[in-house]
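Numbering (our numbering), first residue to last: 52 to 283. Here a beta-carbon is modelled for each residue, glycine too, at the ideal position from N, C-alpha and C. Note that this is a predicted model, so its numbers are computed, not measured. For reference, the structure is listed below as structure tokens.
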Amino acid sequence: MRLYAVGDIHGRDDLLEALMALVEADAARAPDLHKVLIFLGDYVDRGLQSKAVLDRLTGDFAPGFERVFLKGNHELALRQFMEDAAFGRSWKYYGGLETLHSYGITELTLSDDPADFERARQHFNETIPDKHREFLDNLQLTAEFGDYFFVHAGVRPGIALHRQIEEDLLWIREEFLDSSSTYGKVVVHGHTPRETVEFRPNRIGLDTGAYMTGVLTALVLEGEERRLIQTG
52 MRLYAVGDIH
62 GRDDLLEALM
72 ALVEADAARA
82 PDLHKVLIFL
92 GDYVDRGLQS
102 KAVLDRLTGD
112 FAPGFERVFL
122 KGNHELALRQ
132 FMEDAAFGRS
142 WKYYGGLETL
152 HSYGITELTL
162 SDDPADFERA
172 RQHFNETIPD
182 KHREFLDNLQ
192 LTAEFGDYFF
202 VHAGVRPGIA
212 LHRQIEEDLL
222 WIREEFLDSS
232 STYGKVVVHG
242 HTPRETVEFR
252 PNRIGLDTGA
262 YMTGVLTALV
272 LEGEERRLIQ
282 TG
């Protein structure tokens, strides 16, 4: 079995397209292997192509791969806004505005009026394709394969992997990043952007800040082998 884990995309469909061409070429060199493609969440926001990213991921995508899609905190924020416009103000300022624009929704471009947030929420719910909504509603929090545990943000040290709570899985930073705790498996995560992939004894961080840097990363895991495929 060969695993491909992909870091935070954040609305960069151009990079996703480029990375998948590299991944598919790599996978084609091992036609008899079972191949698993794991996305670590944060598909939307910040970049300008969130709708295109979801179009790609919900379409005829990556044939020949088992596909696993994890939830990121930005997908959580988007779903919260879809249910309640009160979540819109905070979401807008960490990348939600770009997501709305990618769907052609511009009510909030210059406004922080609560009525405009509600209009934008209603407009978005009328506009978003059903397959995008279903995708957002069916994202997994975690996945486990062999010696690896896959999650968006990380885990809370001192708590068993199967007892972690959603808030930590989607949001945790320093308590996890600064810890040398071991978890029985190596945690593969995104969420916190770094200039390079972080390889630690207890974790591997794959968020290379694609929306800013142009570098979208896939980690390839096969037996004891670890290697990277990157854009840029």
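Simplified DSSP assignment, three categories, for residue i
| i | result |
| --- | --- |
| alanine 113 | coil |
| alanine 261 | helix |
| threonine 24 | With the chain running from 52 to 283 in the structure shown, residue 24 is simply not present. |
| tyrosine 55 | strand |
| glycine 6 | Because the chain here runs from 52 to 283, residue 6 falls outside it and cannot be looked at. |
| lysine 122 | coil |
| glutamine 173 | helix |
| glutamate 275 | coil |
| valine 266 | coil |
| glutamine 131 | helix |
| valine 104 | helix |
| histidine 183 | helix |
| leucine 88 | strand |
| glutamate 158 | coil |
| glutamate 249 | strand |
| valine 74 | helix |
Whole-Å CB distance - residue i paired with residue j, under 8 Å assumed
| i | j | result |
| --- | --- | --- |
| glutamate 149 | serine 101 | 7 Å |
| arginine 172 | alanine 136 | 4 Å |
| leucine 70 | valine 57 | 7 Å |
| leucine 257 | glycine 283 | Not really, about 14 Å apart at Cβ, beyond 8 Å. |
| aspartate 59 | aspartate 93 | 4 Å |
| threonine 178 | glycine 155 | 7 Å |
| leucine 228 | glycine 205 | 7 Å |
| histidine 203 | asparagine 124 | 7 Å |
Residue i versus the options, residue with shortest Cα-Cα distance
| i | options | result |
| --- | --- | --- |
| asparagine 176 | Gln131, Phe200, Pro165 | Gln131 |
| alanine 76 | Leu151, Val104, Glu185, Pro114 | Pro114 |
| histidine 266 | His61, Pro165, Gly155, Leu108 | According to the sequence shown, residue 266 is valine rather than histidine. Ranking His61, Pro165, Gly155, Leu108 by Cα distance to valine 266 puts His61 first. |
| leucine 105 | Ala194, Leu54, Leu190 | Leu190 |
| methionine 133 | Gly98, Glu169, Tyr144, Val202 | Glu169 |
| glutamate 218 | Ala211, Leu228, Arg207 | Arg207 |
| proline 82 | Arg53, Leu99, Asp96 | Arg53 |
| leucine 127 | Asp59, Leu221, Glu158, His174 | Leu221 |
| arginine 63 | His152, Tyr262, Ile280 | Tyr262 |
| aspartate 164 | Ser153, Phe138, Tyr145, His152 | Phe138 |
| isoleucine 210 | Glu275, Phe120, Ser232, Gly123 | Ser232 |
| glutamate 185 | Arg224, Gly205, Leu270, Lys122 | Lys122 |
| alanine 284 | Pro180, Leu91, Leu270 | Residue 284 is absent from the structure shown; the chain starts at 52 and stops at 283. |
| leucine 26 | Val119, Ser153, Glu226 | Since the displayed the chain opens at 52 and closes at 283, residue 26 lies outside it and no answer follows. |
| valine 74 | Trp142, His174, Leu270 | Leu270 |
| leucine 129 | Arg118, Val119, Ser141, Phe120 | Ser141 |
| threonine 97 | Leu187, Leu212, Ala166, Tyr144 | Note that residue 97 is arginine in the sequence shown here, rather than threonine. The candidate whose alpha carbon is nearest that of arginine 97 is Tyr144. |
| serine 230 | Gln215, Ile216, Pro252, Leu212 | Pro252 |
| proline 180 | Phe116, His213, Leu108 | Leu108 |
| arginine 214 | Arg224, Asp167, Leu192 | Leu192 |
Check: residue i C-beta below 6 Å from any heavy atom of the ligand MG
| i | result |
| --- | --- |
| leucine 84 | Among the components of this structure there are no ligands whatsoever, and the ligand MG is therefore not found. |
TODO: Any chance you could list the beta strand (DSSP E) runs of at least 3 consecutive residues sitting entirely within the region 193-237, in chain order?
DONE: The region 193-237 contains these whole beta strand (DSSP E) runs: 193-196, 199-202.
- [ ] Examine the Cβ distances between the region 228-239 and the region 195-208 and report whether three or more of them are shorter than 8 Å.
- [x] Contact holds: three or more Cβ-Cβ distances are below 8 Å.
TODO: Could you tell me whether the region 239-250 touches the region 266-281, using the rule of 3 or more Cβ pairs below 8 Å?
DONE: With the cut-off at 8 Å, the region 239-250 and the region 266-281 touch.
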